[in-house]
Amino acid sequence: GSLMPFPLCDMSVSRTAVETPALSTLKLVGKNDISEDYNGAYRFAPIEEAQVSRAMIKRYFNIMYERAVSDIVIVGAGSAGLSCAYSLASRRPDLKVTIIEANVAPGGGAWLGGQLMTAMVIRKPADAFLREIGVPYEDEGAFVVVKHAALFTSTLLSKVLSLPNVVLMNATTVEDLIVQQDFQGEQRVSGVVTNWTLVALNHDTQSCMDPATITAPVIVTMTGHDGPMGAFSAKRLVSMGLNKELGNMRGLDMNRSEPAIVNGTREVIPGLVMGGMELAEHDGSNRMGPTFGGMIASGIKAAHEALRMYDS
Ligand code: AHZ
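For the sequence shown, this note's numbering assigns the number -9 to the initial residue and increments by one for each residue that follows.
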């Protein structure tokens, strides 16, 4: 039989013309075709396989097409990147905020507290952010405790993804930075080079699997401390000669580390804001271990920086 067309849907990001069959050809689902009867008569609306594929394909590629030019790109959806995304996109619904996350699962290291334990510690005054997004906690004086880090991360993620101006492309790696020279000869980061992570992981086994690009006037990099994926931009700035050397993350000192990361979150080279634990590798500041107020506040500071740059 001929395919049933997909229903027309409200696509807030569709600027591309997607061929959608005329409404008149829609096979309408009658009341009798479906049933939510749990006594053995549950019936789904009829569907054809291609409808499912097309429902995903047209959205995914519409998004890639539309976000090839974004307003602000955030690299890394850990606690810092997600806090930045929420602060930015909730305050500025006019901006196209695009998050690129290498992993399938967004959230970075924020699904657990320390040593695979579940509670998440957040020092004051960063607890204000928990009230803003509606995450309950226990007050222990100088800090608060969320009963499970996953409650923080899943709530924040759902708030971020609910914002109509946010796009999250997970399983997608930033492989390089676009660096252009302006009229004064100054080098400026003006975009990111992307590939599907599974492709990026296979550059040694397959030849020439070229990437795509996303350009934006402001890039925020929050890829975490060094590891298999982390500190991406901090390391690339050094290998490109835009920074002499990595500062390298220092040993743990909660009291020095958290304010250093928050107050140091800034435009490290034109067009590029760096924050979260990636900044510890860039600046050579301490790590803080399993306390997340610094990541939240660094994300908020990065949002302020990004807006200042965008609006200037
Ligand atoms: O997958 C990475 C993670 O989700 C992602 N990422 C890294 N490189 C990427 C690339 N392209 C796209 N090239 C990339 N995505 O970035 C995310 C970083 O999240 P994270 O949780 O690792 O970093 P964060 O700075 O948001 O939070 C750090 C949390 C830490 S580490 C620490 C310590 O070691 O003492 N303490 C805290 C609170």
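The beta carbon of each residue, even a glycine, is placed where N, CA and C say it ideally should be.
{"query": "Residues in its own chain within less than 6 Å of THR187 by CB, not counting five upstream and five downstream?", "result": "ALA92, ALA161 and THR163"}
{"query": "Under 8 Å between the Cβ atoms of ILE53 and ALA75?", "result": "no"}
{"query": "Just the C-alpha distance for SER2 and ARG246, rounded to the nearest angstrom, thanks.", "result": "Only weak support exists for where SER2 lies, its pLDDT of 45 falling under 50; the value from the coordinates is given anyway. The alpha-carbon atoms of SER2 and ARG246 are separated by roughly 44 Å."}
{"query": "Measuring straight from C-alpha to C-alpha, what distance separates ILE209 and GLN174?", "result": "20 Å"}
{"query": "Can you list, in chain order, the residues of its chain with a C-beta nearer than 7 Å to that of LEU147? Leave out the 5 residues immediately preceding and following it.", "result": "LEU72, PRO96 and GLY97"}
{"query": "Using C-beta distances below 6 Å, list every residue in its chain close to VAL189, excluding the 5 sequence neighbours before and after it, in chain order.", "result": "MET199"}
{"query": "State the Cα-Cα distance for the pair VAL252 and ILE290, rounded to the nearest angstrom.", "result": "9 Å"}
{"query": "What residues are listed by DSSP as bridge partners for PHE133?", "result": "ARG113"}
{"query": "At which residues does the alpha helix (DSSP H) containing GLY254 begin and terminate?", "result": "244 to 254"}
{"query": "So does ALA139 have its beta carbon nearer than 7 Å to some heavy atom of the ligand AHZ?", "result": "no"}
{"query": "When the Cα of MET264 is compared with those of GLU128, GLU295, TYR28 and MET244, which residue comes out closest?", "result": "GLU295"}
{"query": "Are GLU165 and PRO201 touching if we call contact CB-CB under 8 Å?", "result": "yes"}
{"query": "Using a Cβ-based criterion (distance less than 7 Å to any ligand heavy atom), does MET285 qualify as near the ligand AHZ?", "result": "yes"}
{"query": "Could you name the residues of the same chain whose beta carbon sits closer than 7 Å to that of GLN171, not counting the 5 residues immediately before and after it, in chain order?", "result": "GLN177"}
{"query": "Over what stretch of residues does the beta strand (DSSP E) that includes ALA70 continue unbroken?", "result": "From DSSP, ALA70 is part of no beta strand (DSSP E) but of the alpha helix (DSSP H) over 69 to 81."}
{"query": "Checking the sheet assignment: what are the DSSP bridge partners for LEU262?", "result": "ILE209 and ILE259"}
{"query": "Tell me, please, which residues DSSP counts as bridged to GLN171.", "result": "GLN177"}
{"query": "Put ASP61 into one of helix, strand or coil per three-state DSSP.", "result": "coil"}
{"query": "Within 7 Å: the Cβ of MET54 and any heavy atom of the ligand AHZ?", "result": "no"}
{"query": "Return the chain-ordered list of same chain residues with a C-beta closer than 6 Å to the C-beta of ALA70, the five sequence neighbours on each side being excluded.", "result": "MET212, GLY265, GLY266, MET285, SER288 and GLY289"}
{"query": "Measure from the alpha carbon of VAL183 to the alpha carbon of each residue in PHE222, HIS138 and SER152, then state which is nearest.", "result": "PHE222"}
{"query": "If you count every other CB in all the chains shown that lies within 10 Å of the CB of ARG81, and 16 or more means buried, which is it?", "result": "exposed"}
{"query": "Helix, strand or coil: how does DSSP classify SER302 here?", "result": "coil"}
{"query": "Distance, Cα to Cα, SER43 vs ASP273?", "result": "46 Å"}
{"query": "Below 8 Å, can you find three or more Cβ-Cβ pairs linking the segment 134 to 150 to the segment 96 to 112?", "result": "yes"}
{"query": "Compare the Cα-Cα distances from MET107 to each of GLY283, GLY279, LEU297 and ARG298 and report the closest residue.", "result": "GLY279"}
{"query": "Let me check one thing: in DSSP terms, what residues is GLU128 bridge-paired to?", "result": "VAL135"}
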